[in-house]
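Residue numbers (this note's numbering): 3 to 188.
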C-alpha cells in the first residue's frame with residue numbers, strides 16, 4: 003500500500019512539472035524593448051517628469067520639492083522572469099494655502115498646455131477627485147503614464163507625480179544594461 007502511495011505521488015509530481023520550462027508566462031500587453039529603446043525611454047521618462055512637475059508647479063504657484071534624476075526598475079510581478087520590468091521616476095511639489103480641488107484643476111490645465119490629454123479622477127466620493135493622469139508617447143514608442151496625486155494637508159497641498167512605463171519585455175542586451183543600475187526586485 004505504501005509503495006502504491008509513493009508511486010502515485012511520484013506520478014502526480016511528474017505530471018505537474020512536465021513541460022514547466024516549455025511555457026513562459028508573459029504579462030499581457032508587455033512591450034518588447036531593446037537596449038537603445040530602453041535608454042531612450044529612460045531619458046524620456048526623466049524629461050517627462052521634469053516637464054510634469056515644472057508646469058504643474060508654475061500653474062499652481064507651488065514650490066518644487068523633488069524631481070527624480072534616475073528611473074527605478076521593478077519586475078512586473080513575481081510570476082514573471084526578471085526580463086519583464088517596469089520603469090518609474092517620481093517628483094513632487096507643495097502648494098501652500100491651497101485646496102485640493104484648485105490644485106487638481108491647475109495640474110490639469112498645466113498638462114493641457116503641454117499638449118497632453120489629462121483625465122481627472124481617483125475620488126471615492128463624488129467631487130473629491132485627487133488625481134490627474136495622462137498618457138504621453140515617448141520617442142522610443144513606449145507610452146508613458148503620468149499621474150499626479152494631490153494630497154490635502156493642513157494649510158497646504160502636497161502633490162506627488164509619477165511617470166511610469168507599461169511592462170517592458172527587455173532584450174538580453176537591454177536587461178544587461180538595466181543590471182548596471184540598481185534594480186528594485188519588488
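By construction, the Cβ of each residue, glycine as well, lies at the ideal position given by its N, Cα and C atoms.
Rounded separation between residue i and residue j - CA only
i           : j           : result
residue 84  : residue 99  : 45 Å
residue 153 : residue 31  : 31 Å
residue 169 : residue 79  : 9 Å
residue 34  : residue 171 : 5 Å
residue 57  : residue 36  : 31 Å
residue 11  : residue 71  : Bear in mind that the predicted position of residue 11 carries a pLDDT of just 42, short of 50, making it too unreliable to give a figure here.
residue 119 : residue 59  : 18 Å
residue 27  : residue 101 : 45 Å
residue 184 : residue 173 : Unreliable positioning characterises residue 184 in this predicted model, as indicated by a pLDDT of 47, which lies under 50. A coordinate reading is not provided.
residue 75  : residue 124 : 25 Å
residue 67  : residue 103 : 20 Å
CB contact flag (residue i, residue j, <8 Å)
i           : j           : result
residue 89  : residue 167 : yes
residue 44  : residue 65  : no
residue 149 : residue 140 : no
residue 29  : residue 86  : yes
residue 40  : residue 176 : yes
residue 55  : residue 93  : yes
For residue i, the residue or residues it bridges with in DSSP
i           : result
residue 90  : 74, 166
residue 137 : 147
residue 158 : 98, 155
residue 239 : Nothing about residue 239 can be reported from this structure: the residues present for the chain run from 3 to 188 only.
Contact set for residue i: own chain, Cβ-Cβ below 7 Å, skip 5 residues either direction
i           : result
residue 106 : 122, 131, 132, 134, 152
residue 46  : 140, 141, 142, 146
Reference residue i, options the options, closest by Cα
i           : options           : result
residue 69  : 82, 81, 53, 76    : 53
residue 181 : 163, 162, 77, 102 : 77
Beta-carbon proximity list for residue i, same chain, < 8 Å, skipping 5 on both sides
i           : result
residue 61  : 108, 109, 111, 112, 115
residue 179 : 37, 40, 41
Contacting residues, own chain, Cβ-Cβ under 6 Å from residue i (five flanking each side not counted)
i           : result
residue 165 : 47, 50, 51, 91, 146, 148
residue 97  : 62, 64, 105, 159
residue 162 : 94, 151
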